[in-house]
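Undergrad:
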Amino acid sequence: MEDGLSANRETESLIADAQRLEKRRRLLEQEQDPYPARVARTHTSLQARTALEAWEQNPEGEAPRVAVAGRLMTERVMGGSTFAHLMDGAGRIQIYLRRNVLGEETYNALRRATDIGDIIAAEGSMFRTRTGEATISVTSAGLAAKSLHPLPDKWHGLTDVEARYRHRYVDLLVNDEVRQLFRQRAATVSAIRQYLDGEGFLEVETPILQPIYGGAHAKPFVTHHNQLDQDLYLRISFELYLKRLIVGGYDAVYEIGRDFRNEGVSYKHNPEFTQIEFYEAYADYHDVMRRTEEMVAFVAEKVLGTTRISYQGTEVDLAPPWHRRDLRQAIAEETGIDVEGYRDVDSLYRAILDLGGHPEPKPTVGKLVDYLIEAYVEPKLVEPTFLMDYPVEISPLAKRIPGSDGWVERFEGFVAGMEICNAFSELNDPVEQFDRFRAQGRDFEAGDEEAHQMDADYLLALSYGMPPTGGFGMGIDRLIMLLTDRASIREVLLFPHMRSL
RNA sequence: GGGCCGCUAGCUCAAUUGGCAGAGCAACUGACUCUUAAUCAGUAGGUUACAGGUUCGAUUCCUGUGCGGCUCACCA
Numbered sequence: 079m080e081d082g083l084s085a086n087r088e089t090e091s092l093i094a095d096a097q098r099l100e101k102r103r104r105l106l107e108q109e110q111d112p113y114p115a116r117v118a119r120t121h122t123s124l125q126a127r128t129a130l131e132a133w134e135q136n137p138e139g140e141a142p143r144v145a146v147a148g149r150l151m152t153e154r155v156m157g158g159s160t161f162a163h164l165m166d167g168a169g170r171i172q173i174y175l176r177r178n179v180l181g182e183e184t185y186n187a188l189r190r191a192t193d194i195g196d197i198i199a200a201e202g203s204m205f206r207t208r209t210g211e212a213t214i215s216v217t218s219a220g221l222a223a224k225s226l227h228p229l230p231d232k233w234h235g236l237t238d239v240e241a242r243y244r245h246r247y248v249d250l251l252v253n254d255e256v257r258q259l260f261r262q263r264a265a266t267v268s269a270i271r272q273y274l275d276g277e278g279f280l281e282v283e284t285p286i287l288q289p290i291y292g293g294a295h296a297k298p299f300v301t302h303h304n305q306l307d308q309d310l311y312l313r314i315s316f317e318l319y320l321k322r323l324i325v326g327g328y329d330a331v332y333e334i335g336r337d338f339r340n341e342g343v344s345y346k347h348n349p350e351f352t353q354i355e356f357y358e359a360y361a362d363y364h365d366v367m368r369r370t371e372e373m374v375a376f377v378a379e380k381v382l383g384t385t386r387i388s389y390q391g392t393e394v395d396l397a398p399p400w401h402r403r404d405l406r407q408a409i410a411e412e413t414g415i416d417v418e419g420y421r422d423v424d425s426l427y428r429a430i431l432d433l434g435g436h437p438e439p440k441p442t443v444g445k446l447v448d449y450l451i452e453a454y455v456e457p458k459l460v461e462p463t464f465l466m467d468y469p470v471e472i473s474p475l476a477k478r479i480p481g482s483d484g485w486v487e488r489f490e491g492f493v494a495g496m497e498i499c500n501a502f503s504e505l506n507d508p509v510e511q512f513d514r515f516r517a518q519g520r521d522f523e524a525g526d527e528e529a530h531q532m533d534a535d536y537l538l539a540l541s542y543g544m545p546p547t548g549g550f551g552m553g554i555d556r557l558i559m560l561l562t563d564r565a566s567i568r569e570v571l572l573f574p575h576m577r578s579l
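In our numbering, the protein residues as written are 79 to 579.
#1: Please state whether DSSP places R577 in a helix, a strand or coil.
#2: What beta strand (DSSP E) runs, 3 residues minimum, are completely inside the region 446-530?
#3: Return the CA-CA distance between V460 and P545, expressed in angstroms with no decimal places.
#4: Please identify the residue among D416, F502, E471 and D483 whose C-alpha is closest to the C-alpha of F522.
#5: Per DSSP, Q288 forms a beta bridge with which residues?
#6: Could you check if S344 is buried or exposed, using at least 16 other CB atoms within 10 Å of its CB as the buried criterion?
#7: Select from G235, V282 and E134 the residue whose C-alpha is nearest the C-alpha of G326.
#8: Could you name the residues of the same chain whose beta carbon sits closer than 7 Å to that of A94, not counting the 5 residues immediately before and after it, in chain order?
#9: Per DSSP, I387 is paired with what?
#10: Using only CA atoms, which one of R564, L561, L537 and M576 lies nearest to I290?
#11: With DSSP collapsed to three states, give me the class of H302.
#12: Alpha carbon to alpha carbon, how far is L164 from Y311? Give it in angstroms, no decimals.
#13: What separation, rounded to the nearest whole angstrom, lies between the Cα atoms of G139 and G210?
#14: Is the separation between the beta-carbon of K380 and that of A269 shorter than 8 Å?
#15: Excluding the 5 residues preceding and the 5 following S123 in the sequence, name in chain order all residues of the same chain whose CB lies nearer than 8 Å to its CB.
#16: Give me the Cα-Cα distance between G82 and L99, rounded to the nearest whole angstrom.
#17: Which of the three DSSP states is assigned to T266 in this structure?
#18: With respect to the alpha helix (DSSP H) encompassing S123, which residues constitute its N-terminal and C-terminal limits?
#19: Does the contact criterion of 3 or more C-beta pairs under 8 Å hold for the region 545-554 versus the region 501-521?
#20: Distance, Cα to Cα, L106 vs Q125?
#21: Looking at the unbroken alpha helix (DSSP H) that takes in Y247, where does it start and where does it end?
#22: Taking L215 as the reference, give the member of P574, P142 and N340 with the closest Cα.
What follows is the structure, given as structure tokens:
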């Protein structure tokens, strides 16, 4: 008995409102199942509305009868008659219950048993109210699932950001625009697939658990396989596996999936994020630029119906062609520093200090160039722009520009000051790749924890011969931020990472 | 990790100089048979994030902790 009581108290504090828990108990007492195994449904809210419209066009016989089910969102009770709105996946529909239609007992029992938030099944015939709203005149109704927790304020909704992220289901329930946003997210991913499939790319899946991580400059998460007693890394990119597939003879492959990077969280970083990478044989980075602007414009057109977007108050047109800016020139224009003149760390570091910058103390030349890009160039790249030709030090997997010793055929795409993608002509000379890995090894020794690891099997793959190949990677979350005008990556992730409570 | 700000009923928010912790929605009881933020009358609902301190008395002032937001740093 005492155990039952304390268990009840625990349930109450954890998942339920005391009054509703009591209602559930009363229903069970009356042998009415608050969670029936199934309810009959013939129409969604949208189908019901459409059925009424069709009948109104050609009104023969009785008005259409429908059985719908959905969450009770609002209720307006006027004694013997009640209006309410049910919400299902297609939208909302009004139902109308009357005492003299349902009968005194049924009507009162329904009113007593149901609360806002409950899932209700209702059957009746369609009609239009005096104000013109398609409505179901209900002849029978019942509980489909009891809700034990009150919904947020029907007018103000749920606005507390932490509550919205931690309990996303409530956010989705009461905030229509959030539900809409994640439909747009799905449409974005679908449009990317549609574009690449249409261009002859093969969608593949490669390992998330990797013995050697690589393909990006980032710290990994580490996990462990118990039986094999083997440490494994959660992938930080798909790159090295996808290029093995190009070696294997596929001309064009892509993967859409999750990457994991063990870094700080911010308005544009989540520990896990969704990435698209594609690789195309016999393409170079110029081809990839054309494909990028074409693909992003295609996706925007599919999802928004236009390539003109507004991001945080800035109007931008994603239609090709995008601007192309030489990285070295862009840095020189924005800072007066020609990186070519400072090939050693100390002189470049001092030049940046003179400029008033605060880069971290013991970086590599590459890190300093990165710093210059982020601090001085990136904020200026409002119109869609490809920043092209990067220093080899920070691009260990990219092909050198013919006739140049320090620069590679690489570009990053920027829109509204935000970096959205990174691509290059792939380095396919296994000997040079070996040297680049060794240089990365020296960076690692020098304290760069994110320097690329030596991957012997990848080198072996390259040594079988990889055709000239263009590769591309884009953070899908950031693209969705752009398309849906959200300032934070957490707004476009259904379940963003949160600290444990 | 640094700085700033926030945390009060299920939700959205008040609370004067440190003086009985309140409203609207949701819930409950009642009135009301075309309402749509329905309306009207009433009831119940609180460890004021948590732990300390100052004080006759703390939602309010102080210290610490937790969580969150913004920002800087980090971050391909």
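C-beta: ideal position from N, C-alpha, C; glycine also. Only a predicted model underlies this, so the values are computations on that prediction, with no experimental measurement involved.
TA: Quick answer:
#1: coil
#2: 463-469, 485-493 and 496-503
#3: 35 Å
#4: E471
#5: Y311
#6: exposed
#7: Restricting attention to G235, V282 and E134, the CA atom closest to the CA of G326 is found in V282.
#8: L226 and H227
#9: V394
#10: Residue L537 is the option with its Cα nearest to I290.
#11: strand
#12: So the alpha carbons of these two residues sit roughly 47 Å apart.
#13: 21 Å
#14: yes
#15: The beta carbon of S123 is closer than 8 Å to those of V146, G148, L164, M165, D166, A168, G169, R170 and I171 in its chain, skipping five residues each way along the sequence.
#16: With a pLDDT of 43 at G82, under the threshold of 50, the predicted position of this residue should be treated as unreliable, though the coordinate-derived value follows. Approximately 14 Å between the Cα atoms of the pair.
#17: helix
#18: S123 to Q135
#19: Yes, the region 545-554 touches the region 501-521.
#20: Q125 has its alpha-carbon roughly 33 Å from the corresponding atom of L106.
#21: Per DSSP, Y247 belongs to the alpha helix (DSSP H) from R246 to V252.
#22: The residue asked about is misnamed: residue 215 is Ser in this sequence, not Leu. Taking only the C-alpha atoms, the option nearest S215 is P142.
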